[in-house]
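Colleague:
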Amino acid sequence: MKLRLACKQCMFDQRSALQSPTAVLDTGIYEVICPLGHKSINIIQEQKFEILFQIGAHAIIDGYYREGVSSFAASLERTYEFFIKTLYFSKGKKEEFKGIWKSIGNSSERQLGAFILLFGLEFSTPVPGLNKKNVEFRNDVIHKGIIPTEKQAIEYGQAVLDCTRAIIEIAKKNFADAVQQTIVDNMQSMSEKIPQSASIVYSGLGAILSIATERNQPFPTLAEELENLRSEKGRAKAL
Ligand SMILES: [Zn+2]
Numbered sequence: 006m007k008l009r010l011a012c013k014q015c016m017f018d019q020r021s022a023l024q025s026p027t028a029v030l031d032t033g034i035y036e037v038i039c040p041l042g043h044k045s046i047n048i049i050q051e052q053k054f055e056i057l058f059q060i061g062a063h064a065i066i067d068g069y070y071r072e073g074v075s076s077f078a079a080s081l082e083r084t085y086e087f088f089i090k091t092l093y094f095s096k097g098k099k100e101e102f103k104g105i106w107k108s109i110g111n112s113s114e115r116q117l118g119a120f121i122l123l124f125g126l127e128f129s130t131p132v133p134g135l136n137k138k139n140v141e142f143r144n145d146v147i148h149k150g151i152i153p154t155e156k157q158a159i160e161y162g163q164a165v166l167d168c169t170r171a172i173i174e175i176a177k178k179n180f181a182d183a184v185q186q187t188i189v190d191n192m193q194s195m196s197e198k199i200p201q202s203a204s205i206v207y208s209g210l211g212a213i214l215s216i217a218t219e220r221n222q223p224f225p226t227l228a229e230e231l232e233n234l235r236s237e238k239g240r241a242k243a244l
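Okay, structure coming up:
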């Protein structure tokens, strides 16, 4: 997946502001220098789990099904982290989260265990998660080098999407303020890494998986989302 970022000054001057495609960075912070020499910093507002899911969707469109599955799986793990962080924030324990997360941050099994236990403690509804077949499929792809078909990758991605959407909806319904605080905290952590004098642009991916999306009707399926994304990419190439 590549991003097309904007020059702040060119946007202000109502010139064509979008720059050449650039690779995704883990930091979410991008220095943009446009052909006219204007410098700005783009901050991508999406959470890590939203970005990873979008990378997975692009991988599938580009024919990299194994990479799609691996990005979807990573997205789900980061969703668990987001949920746990939000739960801690909802109880006024922001600093405690940062300390405790360090002790399990290197183990996805521990993180999953923490999510299941904390969710179970907080809610009486079943814990959202992947079924045994999808867990085994993910392990076969990640650990045994299995190369999935497009159909298998999309089915797995759909399961991750359903699970993540359920977790996000529960978080938004039960502790909306803490969800907002978690998003703001993420933005503040990024802003602290940028000089105060920098010219900043806050950008969004328009990602498939988005906390911001509110819907009164059912969400599109992953197959439908991929079709939309394919059309968008086709239009962008034609520009
Ligand atoms: Zn410019």
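The sequence shown begins at 6 in the working numbering and counts up one residue at a time. No residue lacks a Cβ here, since even glycine has one placed at the ideal position from N, Cα and C.
(1) Using the three-state DSSP reduction, which class does Asn-144 fall into: helix, strand or coil?
(2) Span of the alpha helix (DSSP H) holding Lys-198?
(3) Whose CB is closer than 6 Å to a heavy atom of ligand 1? List the residues in chain order.
(4) For Tyr-85, which three-state DSSP category applies?
(5) Pick helix, strand or coil for Ser-45, following the three-state DSSP scheme.
(6) Which value, in whole angstroms, describes the spacing of the CA atoms of Asn-139 and Met-6?
(7) Looking only at DSSP bridge pairs, what is Leu-8 linked to?
(8) Taking only heavy atoms of ligand 2 into account, decide whether any of them is closer than 8 Å to the Cβ of Gln-19.
(9) Just to confirm, is the Cβ distance from Phe-224 to Leu-166 under 9 Å?
(10) Pair every Cβ in the segment 72-85 with every Cβ in the segment 111-121, then say whether three or more of these pairs are closer than 8 Å.
(11) Does the segment 167-185 come close enough to the segment 94-111 to have 3 or more Cβ pairs within less than 8 Å?
(12) Between Gln-52 and Ile-216, how many whole angstroms is the CB-CB distance? I'm expecting something under 8 Å.
(13) From Glu-36 to Gly-61, what distance separates their C-alpha atoms?
(14) What did DSSP end up calling Tyr-161 once you bin it into helix, strand or coil?
Modeller: In brief:
(1) helix
(2) Looking at the DSSP string, Lys-198 is not in any alpha helix (DSSP H), and its letter there is neither H nor E.
(3) Cys-12, Gln-14, Cys-15, Cys-39, Leu-41, His-43
(4) helix
(5) strand
(6) 25 Å
(7) Thr-27
(8) By its list of ligands, the structure shown excludes ligand 2, since it contains just ligand 1.
(9) yes
(10) yes
(11) yes
(12) 7 Å
(13) 24 Å
(14) helix
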